Each structure stands twice: as C-alpha cells, then as structure tokens.
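In the numbering used here, the protein residues as written are 2 to 61.
Structural data, given as structure tokens:
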C-alpha cells in the first residue's frame, strides 16, 4: 500500500487494524535494517579486498 493511501485510511481504521499496520511497518523496518547491515558488511569486505589488491600491486 502506498503511503498516501495508508494516510487516507488511518482515521477510519479500527484499533486492531492500526496495531496490525504498525506491526507490518516494524517488520518492514527490521528487514530493511538487516538488508542494510548485510550490505554494509559486504561493502567492508569488498573494500578490504580492493585494498589488499592495491597493496599487492604496489608492493609487486
């Protein structure tokens, strides 16, 4: 659901619907945080590899 659609529906949602919507949003945030962490780790690995390759080329 798009943000604008959700914002339009918020005033008419029941408490149960609001709770479920918040839970869904929290799940999405958690997945995004995990994806970002995995991406950051991969970036660090790639940066270390590039540095090692660069150091090897300069030393050789």
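Yeah, the Cβ is synthetic: ideal placement off N, Cα and C, and Gly gets one too. These numbers were taken from a predicted model, which means no experiment stands behind them.
In this model, residue 38 and residue 26 are separated by some 18 Å (Cα to Cα).
Collapsing the DSSP output to three states places residue 22 in a helix.
Secondary structure of residue 15 (DSSP, three-state): coil. The C-alpha of residue 14 lies about 19 Å from the C-alpha of residue 28.
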